[in-house]
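Taking it in order: structure first as structure tokens, then the write-up.
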Amino acid sequence: MIGLSRNVEMMKDSLEKRIMGGLVDYRAMKSALKEKIIAGAGLDVFWEEPPDPADDIFKYNIMAPHIGGATDVSIQGIAESVAENINLIAKGKIPVNQAFVSSISCY
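Quick note: the sequence shown uses my numbering, first residue 622, plus one each step.
Right under this line is the structure:
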């Protein structure tokens, strides 16, 4: 776990830092938000799942549970990759970025 004071120090020269929820000290982050040491946080993962919706930490943060990376550009890339893999499998070829070739019946 990284204490918030270390996180704030790491963020001084940038507008954005991406840190997994379990790595941030929840109490320190909540305190820093209340004391206006930091202005807010955009969170994609949380300190507990599911988080308590009554927690006042939600006053200070932007929440995007598990969809922070879902943009029009990323969705387009996923769609193109899936289409390419379907075409490759239909031709009896190995799909790009495949995980379990042996589970595909054409092999």
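Ideal placement from N, C-alpha and C gives every residue a C-beta, glycine not left out.
Here the structure is a predicted model, which is why all the values come from computation and not from measurement.
Can you have a look at residue i and say buried or exposed, based on whether 16 or more other CB atoms are within 10 angstroms of its CB?
i: Val703; result: exposed
i: Ala675; result: exposed
i: Ala700; result: exposed
i: Val645; result: buried
i: Ala653; result: buried
Once you ignore the five residues that flank residue i on each side, which residues in its own chain have a CB closer than 6 angstroms to its CB?
i: Tyr647; result: Trp668
Suppose contacts are defined by Cβ-Cβ distances below 8 angstroms. Is residue i in contact with residue j by that definition?
i: Gly663; j: Tyr681; result: no
i: Lys651; j: Ile678; result: yes
i: Ala730; j: Asp665; result: Outside the shown range of the chain (622 to 728) lies residue 730, about which nothing can therefore be said.
Excluding the 5 residues flanking residue i on each side, which residues of the same chain have their C-beta closer than 7 angstroms to its C-beta?
i: Asn706; result: Pro716 and Val717
i: Lys712; result: none
i: Gln719; result: none
Ends of the beta strand (DSSP E) at residue i?
i: Ala704; result: Unbroken run through Ala704 is the alpha helix (DSSP H), Asp693 to Ala711; no beta strand (DSSP E).
i: Ile683; result: Asn682 to Met684
i: Ala662; result: Ala662 to Leu664
Go to residue i, then tell me how far its alpha helix (DSSP H) extends in each direction, as first and last residue.
i: Ala649; result: Tyr647 to Lys655
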